[in-house]
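Here is the structure we will look at.
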Amino acid sequence: MKQSNFFQWLLVSLCTTVGISLTVIFPLLSQTNPIPKPIKPLNFKGIRGFSQLRLRAAQINKPVRVIARLSRTALTGTPFTGSLLPAAFDTPLTQVNSAQTRIINRLQTSKITGSRPIAGVPLVVVEATAKQLDQLVANGEIAELFEDRISYSSLDISVPLIRAPQAWNLGSRGGGTTVAILDTGVQSNHPFLAGRVIEEACYSSNTSGGTSLCPGGVESSTAVGSAIPCVDICQHGTHVAGIAAGRASGSTTFNGVAPDASIFAIQVFTRFSNQLGAFDSDIIRGLTRVRDRTTALNIVSANMSLGGSRFTSNCDTEPIKGVIDQLLNQRVATVIAAGNNGWRDSVSYPGCISSAITVGATTDSDTVASYSNVSSLVDLLAPGSSINSSISPSGFANYNGTSMAAPHVAGAFAV
6 MKQSNFFQWL
16 LVSLCTTVGI
26 SLTVIFPLLS
36 QTNPIPKPIK
46 PLNFKGIRGF
56 SQLRLRAAQI
66 NKPVRVIARL
76 SRTALTGTPF
86 TGSLLPAAFD
96 TPLTQVNSAQ
106 TRIINRLQTS
116 KITGSRPIAG
126 VPLVVVEATA
136 KQLDQLVANG
146 EIAELFEDRI
156 SYSSLDISVP
166 LIRAPQAWNL
176 GSRGGGTTVA
186 ILDTGVQSNH
196 PFLAGRVIEE
206 ACYSSNTSGG
216 TSLCPGGVES
226 STAVGSAIPC
236 VDICQHGTHV
246 AGIAAGRASG
256 STTFNGVAPD
266 ASIFAIQVFT
276 RFSNQLGAFD
286 SDIIRGLTRV
296 RDRTTALNIV
306 SANMSLGGSR
316 FTSNCDTEPI
326 KGVIDQLLNQ
336 RVATVIAAGN
346 NGWRDSVSYP
356 GCISSAITVG
366 ATTDSDTVAS
376 YSNVSSLVDL
386 LAPGSSINSS
396 ISPSGFANYN
406 GTSMAAPHVA
416 GAFAV
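Rendered as structure tokens:
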């Protein structure tokens, strides 16, 4: 007797003895030729971030915008084996590109629109309803889901305060180096920045309630003029760039920290009515561009004077850390503003990333500014109060904030 037949005989005997119907305990035995039913695909609802994001989508009855990190299964193209390990950020680009294309095609076939890859890293951006999130994670190609967070943009006195002129006198003015400015765009023909912007890029989104700020309304561009700031509410990036690497014609004192450094201007913000915000996915795309251009441009730092959610401890599980780590391995410092909420136990995201340099602000008297976030997550303090720098189209203005403090540090890496 075959083993399977023996177990069926044993089950029949037991059920007959105790008087239990076979159709209740084992209905397939009542069929002459039982046909196995198809196994329903798993939903993998235990993956990081899924439950919370699905609940939010269900509550608002609208799509949510998420960053999906590919699994190692997705990269190899092999069937799911029960392990949902996230793909490494140093995975070969050919594998990443192939997996992203396959997943995007699958999503489009399922009528999940608004999805796009983040080039060069194992991430895709998706706008999906609760049911569409089920479809997204159903076959083991996605290891983690993250909210596509939104961050917001938060000199003659400040530069001597950090003793930049002493470095200039030693011949260290930033020549031959480049500082990347990820912000609201940079007015490249401003007199304070004339001839300094050597490359530009733009990563911005057309989404529900949001409009891309890239030229022509596209969502990405690396052409000349890509980082031109919008006319009305985009002064911030030009001001930040001037602090890091501005240079006044004929002046020996009114300069940015690294007056001979070049600027890589990257616009990462999206317009929401009368406000600007930067999606995590667009920031990651900007940082990936910095990574890919570091050797050619000799980039030494990437400045991000922006912030959003409050964190009291490191946020190293967020997907942005992967590319910040890659920049660190290339000896590029990612410098991030701590935020202007006056918190004394926390900083704003993404300043909570441990491999970044998080900067708080001081006043002209070299004391911590009352508005600056300060905690153990802050690495450095720099001047941030009444900082005079360039604004588009050709003027100057005094701004306050950790947004002004961070480019002092980013510029210092160039001298």
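Sequential numbering from 6 applies to the sequence shown in the working numbering.
The C-beta atom is built at its ideal place from N, Cα and C for all residues, glycine as well.
G450 to A366, Cα distance in whole Å?
-> Residue 450 is absent from the structure shown; the chain starts at 6 and stops at 420.
Quick one, are the C-beta atoms of E152 and L58 less than 8 Å apart?
-> On the sequence shown, residue 152 is found 147 positions in, with the first residue counted as 1. On the sequence shown, residue 58 is found 53 positions in, with the first residue counted as 1. Contact: yes.
Every unbroken alpha helix (DSSP H) inside the stretch 301-351 [4 residues or more] = 325-334
Kindly identify the DSSP beta-bridge partner or partners of L75.
-> Here residue 75 refers to the residue found at position 70 when the sequence shown is read from its first residue. The partner list for L75 (beta bridge, DSSP) reads I147.
Rounded Cβ spacing between A415 and S377 (contact assumed at less than 8 Å) = If you number the sequence shown from 1, residue 415 lands on position 410. If you number the sequence shown from 1, residue 377 lands on position 372. With 8 Å as the limit, A415 and S377 do not qualify as a contact, their Cβ atoms being about 17 Å apart.
What residue does the alpha helix (DSSP H) around S267 start on, and which one ends it?
-> Looking up residue 267 in the sequence shown gives position 262. Taken as a continuous stretch (DSSP letters only), S267 belongs to no alpha helix (DSSP H), being part of the beta strand (DSSP E) at S267 to Q272.
Whole-number beta carbon distance between I268 and R201, since they are thought to touch under 8 Å | Translated into positions along the sequence shown, residue 201 becomes position 196. Translated into positions along the sequence shown, residue 268 becomes position 263. Confirmed, about 5 Å.
For D188, the residue or residues it bridges with in DSSP = Working through the sequence shown from its first residue, we reach residue 188 at position 183. Its beta-bridge partners are Q272.
Alpha carbon to alpha carbon, what distance is there between F277 and G214?
-> Against the sequence shown, residue 214 aligns to sequence position 209. Against the sequence shown, residue 277 aligns to sequence position 272. For G214 and F277, the distance between alpha carbons rounds to 6 Å.
When you compare each of I392, F418 and G54 to S408 by their alpha carbons, which one comes out closest?
-> Residue 408 sits at position 403 when you count from the first residue of the sequence shown. S408 has its Cα closest to that of I392, out of I392, F418 and G54.
Roughly how many angstroms separate the alpha carbons of V262 and A185, rounded to a whole number?
-> Position 257 of the sequence shown, counted from the first residue, corresponds to residue 262. Position 180 of the sequence shown, counted from the first residue, corresponds to residue 185. Those two C-alpha atoms are separated by around 14 Å.
R349, buried or exposed, once every other Cβ within 10 Å from all chains shown has been counted against 16 | One-based indexing of the sequence shown puts residue 349 at position 344. Under this definition R349 is an exposed residue.
Exposed unless 16 or more other CB atoms sit within 10 angstroms - verdict on I65 = As a first step, residue 65 must be located in the sequence shown, where it is residue number 60. Label assigned to I65: exposed.
Does the stretch 282-289 come close enough to the stretch 237-253 to have 3 or more Cβ pairs within less than 8 Å?
-> no
If you draw a straight line from the alpha carbon of L75 to that of S390, how long is it in whole angstroms?
-> Residue numbering aside, residue 75 sits at position 70 when the sequence shown is read from its first letter. Residue numbering aside, residue 390 sits at position 385 when the sequence shown is read from its first letter. If you take the alpha carbons of L75 and S390, they lie about 42 Å apart.
Cutoff 7 Å; reference V328; Cβ partners in own chain excluding five residues on either side = Along the sequence shown, read from residue 1 onward, the residue named residue 328 stands at position 323. Cβ neighbours of V328 beyond the five flanking positions: F94, V126, I289, L292, T293 and R296.
Alpha-carbon to alpha-carbon, Y354 and E224 | Against the sequence shown, residue 224 aligns to sequence position 219. Against the sequence shown, residue 354 aligns to sequence position 349. When rounded, the distance between both Cα atoms is 23 Å.
Go to L141, then tell me how far its alpha helix (DSSP H) extends in each direction, as first and last residue.
-> Numbered from its first residue, the sequence shown carries residue 141 at position 136. A135 to L141 is the extent of the alpha helix (DSSP H) around L141.
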